[in-house]
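Participant: Taking our numbering, the leading residue of the sequence shown gets 429, the next gets one more, and so forth. After the structure tokens below, expect a handful of questions from me.
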Amino acid sequence: MQFKLVSWNVRGLNDREKRRLVQTLVVDWKADIVCFQETKLEGEITNLVKQIWGGRWIKFAYLEASGTRGGIMMMWDCRAWKGEVLEIGAYTLTCKFEAQFQSFSCHLTGVYAPNCYIERRKVWEEIADVRGLMEGPWAICGDFNTTRYVSEKRNCNRRSRGMIEFSDFIEDMNLIDLQLQDGNYTWFKGDNHDTASRIDRFLLSEEWDDCFSNIKQSPLQRIKEWWNSFSFKGRPDFVLSCKLKALKHKLKDWSRSETLTEQESAKKADLTLELEGLIKNEEIAWRQKSRALWLKEGNRNTKFFHKVANAHKRFNYIDQLMVQGELTEESTRIESAIIDFYQKLYTETTHWRPINMLNNCATLSVENKVRLQENFTEEEVLRCLKLCAGDKAPGPDGFSMGFFIKCWEIVKQDIMNAFHNFHEQEVFERSFNATFITLIPKKKGAKELRDYRPISLIGSIYKLFSKVLTERLKGVISNLVDVQQMALIKGRQIMDAVLVANEAIDSRVQQKKPGILCKLDIEKSYDHVNWEYLLRMLKKLGFGKKWIHWIKFCISTVSYSVLINGSPAGFFKAQRGLRQGDPLSPFLFIIAMEGLNRGEVGSLPTLYLGMPLGANSKSIQIWDTVIEKCEKKLARWKTQYLSRGGRLTLINSVLDALPTYMMSLFPIPAGVIKRLDRIRRNFLWHGDKEKKGYHLVKWSSVICDKKWGGLGIKNLKIQSTALMMKWLWKFTKENHLLWGRVIKAKYEQEDSGMTKEVNTPYGVSLWRSIRSLWSELKTQSRIKVANGNKTRFWKDNWHEVGIMELVFPDIFNLVLHQQYTIAEMWTSDGWSLNFRRHCNDWEVQRMADFLSKLDQFPGVQAGKIIYGGRATPKAFLRGMTLCSRCFLCKETAETVNHLFLHCPFTAHLWRIIINLKGIAWTMPGKITEALSSWEGICSHAKDRSRWRIVPACICQDAGSTLDTIALCFLQQKLYFSRLYGLTDIEGLQQAIVLGLDILSSMLSDLSREKLKPAYGSFQVVPTFTVFCQAVMSLTAKPVPVVTAVISLMSFFRNPVRFCADPVLKSCYSSAASFPNLIAVLV
429 MQFKLVSWNV
439 RGLNDREKRR
449 LVQTLVVDWK
459 ADIVCFQETK
469 LEGEITNLVK
479 QIWGGRWIKF
489 AYLEASGTRG
499 GIMMMWDCRA
509 WKGEVLEIGA
519 YTLTCKFEAQ
529 FQSFSCHLTG
539 VYAPNCYIER
549 RKVWEEIADV
559 RGLMEGPWAI
569 CGDFNTTRYV
579 SEKRNCNRRS
589 RGMIEFSDFI
599 EDMNLIDLQL
609 QDGNYTWFKG
619 DNHDTASRID
629 RFLLSEEWDD
639 CFSNIKQSPL
649 QRIKEWWNSF
659 SFKGRPDFVL
669 SCKLKALKHK
679 LKDWSRSETL
689 TEQESAKKAD
699 LTLELEGLIK
709 NEEIAWRQKS
719 RALWLKEGNR
729 NTKFFHKVAN
739 AHKRFNYIDQ
749 LMVQGELTEE
759 STRIESAIID
769 FYQKLYTETT
779 HWRPINMLNN
789 CATLSVENKV
799 RLQENFTEEE
809 VLRCLKLCAG
819 DKAPGPDGFS
829 MGFFIKCWEI
839 VKQDIMNAFH
849 NFHEQEVFER
859 SFNATFITLI
869 PKKKGAKELR
879 DYRPISLIGS
889 IYKLFSKVLT
899 ERLKGVISNL
909 VDVQQMALIK
919 GRQIMDAVLV
929 ANEAIDSRVQ
939 QKKPGILCKL
949 DIEKSYDHVN
959 WEYLLRMLKK
969 LGFGKKWIHW
979 IKFCISTVSY
989 SVLINGSPAG
999 FFKAQRGLRQ
1009 GDPLSPFLFI
1019 IAMEGLNRGE
1029 VGSLPTLYLG
1039 MPLGANSKSI
1049 QIWDTVIEKC
1059 EKKLARWKTQ
1069 YLSRGGRLTL
1079 INSVLDALPT
1089 YMMSLFPIPA
1099 GVIKRLDRIR
1109 RNFLWHGDKE
1119 KKGYHLVKWS
1129 SVICDKKWGG
1139 LGIKNLKIQS
1149 TALMMKWLWK
1159 FTKENHLLWG
1169 RVIKAKYEQE
1179 DSGMTKEVNT
1189 PYGVSLWRSI
1199 RSLWSELKTQ
1209 SRIKVANGNK
1219 TRFWKDNWHE
1229 VGIMELVFPD
1239 IFNLVLHQQY
1249 TIAEMWTSDG
1259 WSLNFRRHCN
1269 DWEVQRMADF
1279 LSKLDQFPGV
1289 QAGKIIYGGR
1299 ATPKAFLRGM
1309 TLCSRCFLCK
1319 ETAETVNHLF
1329 LHCPFTAHLW
1339 RIIINLKGIA
1349 WTMPGKITEA
1359 LSSWEGICSH
1369 AKDRSRWRIV
1379 PACICQDAGS
1389 TLDTIALCFL
1399 QQKLYFSRLY
1409 GLTDIEGLQQ
1419 AIVLGLDILS
1429 SMLSDLSREK
1439 LKPAYGSFQV
1449 VPTFTVFCQA
1459 VMSLTAKPVP
1469 VVTAVISLMS
1479 FFRNPVRFCA
1489 DPVLKSCYSS
1499 AASFPNLIAV
1509 LV
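Here it is, written out as structure tokens:
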């Protein structure tokens, strides 16, 4: 037998809207028996019951509330069940139910327990007394107002007395507490659900469990239940549209019905004064209304926010408009004029368009064409959904993207069905493409409709479709669009075009030749895009038919309504144009402009992309617009409502950001810095850019970084220098791009990779200002040496001491080859230093310092070597599953300190090194302490640079060869016997015998220790690392012995050259895992 039993704490049924909502949900749930708690009902309620669950076949029983507290009501369908009230207590209501058509009966007890655990003891006693009145299956449901375990309450860390008593009650009554599926809590509080607990539950007797073995208990989520209860037929996109409309009505009804009682309202008012979180939420809400997204800290919800929000509303409000040459304030005429204007704007009037486009254009590859048209996956859609801002204004459907992010698990199946249908049928519900046009004034005091910018508020589902298509298009558009288009393309930036234009003008001005510069501005460019032209462009660029059909449907099914002062008016369909606000529109416009990209045609200077074009880069006049913007910003702010902290926030987030765009390309003159500093300084201390008075702290301290005691206000000179240096850094990385090729062609390139110095004082001088910082940039950065073919030994900053030419100018004047690279200075015997003459006596010490610094290169960061690999802590933090024991000795837990210091394998290597060094050294407890101690020991040793790196190499080998050092002892014997043969061939027997004697002794020491193997029954011996110790001893011998070791190293690097024996190959594969120590010692 199957039936559905629902328990719900309704928190009052006195409100009409609440009862209507409950009725809708009861019908949707298709419940057989319903138990409501906290009904807050008294007296006669028969008519009220009919409103909740209408019909003459509905029966009920209820426990009256005590004032506004408590109350229980059970309702059942008498066509299926016969109900009988057994007991009505102070906190419980018990009924017996018999099935009408089956021989089955059960008992149900509804509970609403008080908050106080002392009063709840009466509830437990009352339920225990009821238990003696019945036999057979029995269930208890309701709001127990307590939890059983710590895990059932958020942010709870101990069990209270009430929790313990509740758990003891369940055990004493021999009841079964079902696990809650599809959730952890049944009650939530707060906007972010900061408080949550499982206070509602079902408790079952053993007889009930025997009758219903597959019973389950799960919370009913409003959105999920509503969504799943909707049933519509049709295409998946139509079903999704209908569900969203139905859900919107449900949410509106629920919002109207969820009202607070007088007592709850009073309690909320008291708590609001105490809770800092509510103040923060209110602040965020006003911040969004005011669009003051720059104010992240400083003043809270003060009059300033309200004034800014009201100022935005007044600025966007259309109270008068020029209609047919006459200024009118009549709302009906304004509305009619706006609708007619935009209806004509989006109506195609020209039927002829040019069709000859791009004869030699790039086309989409077959792989990219297939990738664009492949099926949509859930991961792709969810990733794009999360890229959408969840708190932006909703479109015509009323849902923000945050709703779909929050309820993804509920709605994802319907959304994915709509996506699959769009992929196959190439259509979606046209209502998804409904759009609101909101009008934003381009300037203050706008009177003409052309002075307003139409921003489209599109529906959430279409925005998701568009976002997915946009992300796909982003990945291929850079291969299709010419390099001259620099906006929105990954790897390009709009300022590249400003630089190219300025340099082109600079060349013309320097040559004193006449020229023409044509600057074009397309009026309402998005709104005039012809769809047929755009689709032909897509076809010309090689897009597939399915993709073109998708784009065609997205742009051709648009319908508009205009938001006039917040209210939608009119309805019309578009025949042309792209929407500002649609994620696809910018990229489709780039494709449309590609067809016009072959055209070529002011007085100078002028503006290009908001920056000066053709003006002297050092001129103060070009900064007048920036200064004017700063002054206008201050004039608009109502400073009397701002504290000094608020003014500091505005300076850091707004005033400091205004000149950044210009400073990204143009050097800021000292006079401009002085004017901007005066504006910022006076505003900070007095709230007025012109007001003078005492300043509490000198400005040089204020513009310091916070960690140095400043307020974090940007130093404009330092910021300008950093932004200009960025171009030099980009030039070394991006000189293959258009702007880089222009600069190289104009100024030529040095061997160092930078352009030659610009000496001419005439012209725009933009790159000259940038190039002048090259020397300073070199001193602030260091080159990472690879093969050394391009790095100059004396003139580039590659050594930790700095540029050799500047650090050792006296040595630099002595050398013959001052332009040599590192590769040319380095030979197999070391550094090749050719001097013009011998050193004088007073130059010897300086030469010794130079050679000492040179001998220390390259420096190695031992700590980075150890922790750069798969060390246990790092791997554990990345979620890798690790063995808890050391993989080498299997005796203790594997930690960094054990693996690199105390493991018997590693400890033996340390002892060998210490004995060879001839020092007395106590092994520290931590690897970091060992490295630091070793650094002190080697500071005065001969060949200290070699000895300093030995610990790091041992640790590197121990950490990175856990899986490769196992070799059969028999294979090792074969390995060394072959090695003797190779030494005979090479004629190095005398030198090798000495090394192998030492090696044999070491192997014997290892064998006597009887170290446990890491692989089966094989004896693990770190052969190559031990051999490195032999090399250590050999390096102290005469030159022939060192030569022998180097020859042996050539065998290790390329053993196949000497022998193709498979055993040697196997040995080499293990030995090659220990390159670090041998490379340093040799």
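Heads up, the beta-carbon is just placed ideally off N, CA and C, and yes, glycines get one too.
Determine the contact status of Asp1238 and Arg1265, defining contact as a CB-CB distance below 8 angstroms.
Facilitator: no
Participant: If we call anything under 8 angstroms between Cβ atoms a contact, is Gly611 one with Ser646?
Facilitator: yes
Participant: What would DSSP say about Lys671, mapped onto helix, strand or coil?
Facilitator: helix
Participant: Along the chain, where does the beta strand (DSSP E) that runs through Ser884 open and close?
Facilitator: 880-886
Participant: Could you give the residue range of the beta strand (DSSP E) that holds Leu1041?
Facilitator: Per DSSP, the continuous beta strand (DSSP E) segment holding Leu1041 begins and ends at 1039-1041.
Participant: Apart from the five residues on each side of it in sequence, which residues of its chain come closer than 8 angstroms, Cβ to Cβ, to Ile486?
Facilitator: Val477, Lys478, Met503, Trp504, Asp505, Cys506
Participant: I'd like the ranges of any alpha helix (DSSP H) spanning at least 4 consecutive residues and lying wholly in the segment 802-832.
Facilitator: 806-815
Participant: Quick one: using the 10 Å Cβ neighbour count with 16 as the cut-off for buried, is Thr623 buried or exposed?
Facilitator: Thr623 counts as exposed, since fewer than 16 other C-beta atoms from the protein chains shown sit within 10 angstroms of its C-beta.
Participant: What are the partner residues of Leu1139, as DSSP defines its beta bridges?
Facilitator: Beta-bridge annotation (DSSP): Leu1139 is not paired with any residue.
Participant: Roughly how many angstroms lie between the CA atoms of Arg439 and Leu885, to the nearest whole one?
Facilitator: 38 angstroms
Participant: Below 8 angstroms, how does it come out for the segment 584-600 and the segment 530-547: are there three or more Cβ pairs, yes or no?
Facilitator: yes
Participant: Per DSSP, what kind of secondary structure is Glu515 in: helix, strand or coil?
Facilitator: Here DSSP, grouped into helix, strand and coil, assigns Glu515 to strand.
Participant: Report the rounded CA-to-CA distance for Leu441 versus Gln841, giving the unit in angstroms.
Facilitator: 34 angstroms
Participant: Between Ile480 and Val454, which are expected to be in contact by the criterion C-beta below 8 angstroms, what is the C-beta distance as a whole number of angstroms?
Facilitator: 7 angstroms
Participant: Looking only at DSSP bridge pairs, what is Pro869 linked to?
Facilitator: Per DSSP, Tyr880.
Participant: Taking the beta carbon of Gly1074 as the centre, do at least 16 other beta carbons fall within 10 Å, making it buried, or is it exposed?
Facilitator: buried
Participant: Buried or exposed: Lys891, going by 16 or more other Cβ atoms within 10 Å of its Cβ?
Facilitator: Taking a 10 Å sphere around the C-beta of Lys891, we find 16 or more other C-beta atoms and assign the residue as buried.
Participant: Where does Pro996 sit, in a helix, a strand or coil, going by DSSP?
Facilitator: strand
Participant: Whole angstroms is fine: what's the gap from His1227's alpha carbon to Met829's?
Facilitator: 53 angstroms
Participant: Using a threshold of 8 angstroms, state whether the C-beta atoms of Val551 and Thr520 are closer than that.
Facilitator: yes
Participant: Return the residue from the list Ser494, Ile746, Gly538 that minimises the CA-CA distance to Thr871.
Facilitator: Before going on, a small fix: residue 871 reads as Lys here, not Thr. Of Ser494, Ile746, Gly538, the residue nearest in Cα terms is Ile746.
Participant: Using three-state DSSP, classify Ala1511 as helix, strand or coil.
Facilitator: The displayed coordinates of the chain run from 429 to 1510. Any statement about residue 1511 would go beyond what the structure contains.
Participant: Whose C-alpha, out of Val798, Gly1005, Glu1233, Glu951, is nearest the C-alpha of Thr775?
Facilitator: The residue with the shortest Cα to Cα distance from Thr775 is Gly1005.
Participant: Identify whether Phe666 lies in helix, strand or coil by the three-state DSSP scheme.
Facilitator: helix
Participant: From this set, Leu1139, Ile1048, Trp1136, which residue's C-alpha is nearest Leu1104's C-alpha?
Facilitator: Ile1048
Participant: Between Leu1012 and Val1054, what straight-line distance do the alpha-carbon atoms span, to the nearest angstrom?
Facilitator: 32 angstroms
Participant: What residue range is occupied by the uninterrupted beta strand (DSSP E) comprising Ile500?
Facilitator: Per DSSP, the unbroken beta strand (DSSP E) holding Ile500 starts and ends at 500-505.
Participant: Is the number of C-beta pairs between the segment 847-859 and the segment 804-821 that are closer than 8 angstroms three or more?
Facilitator: yes
Participant: In or out: Arg444 buried (at least 16 other Cβ within 10 Å) or exposed?
Facilitator: exposed
Participant: With DSSP as the reference, identify every bridge partner of Asp628, one or two as the case may be.
Facilitator: Asp571
Participant: Tell me whether Lys446 is buried or exposed, calling it buried when 16 or more other Cβ atoms sit within 10 Å of its Cβ.
Facilitator: buried
Participant: For the pair the segment 1176-1195 and the segment 1123-1143, tell me if three or more CB-CB distances fall below 8 angstroms.
Facilitator: no
Participant: From Asn437 to Phe464, what does the alpha carbon distance come to, in whole angstroms?
Facilitator: For Asn437 and Phe464, the distance between alpha carbons rounds to 6 angstroms.
Participant: Could you give the distance in angstroms between the alpha-carbon of Tyr1517 and the alpha-carbon of Phe1328?
Facilitator: Look at the range of the chain in this structure, 429 to 1510, and you will see that residue 1517 is not part of it.
Participant: Which residue marks the beginning of the beta strand (DSSP E) containing Ala489, and which one marks its end?
Facilitator: The continuous beta strand (DSSP E) containing Ala489 extends over residues 486-491.
Participant: Under 8 angstroms, do Ile897 and Trp978 count as touching if we go by C-beta distance?
Facilitator: Looking at the sequence itself, residue 897 is Leu, so the reference to Ile does not match. Contact: yes.
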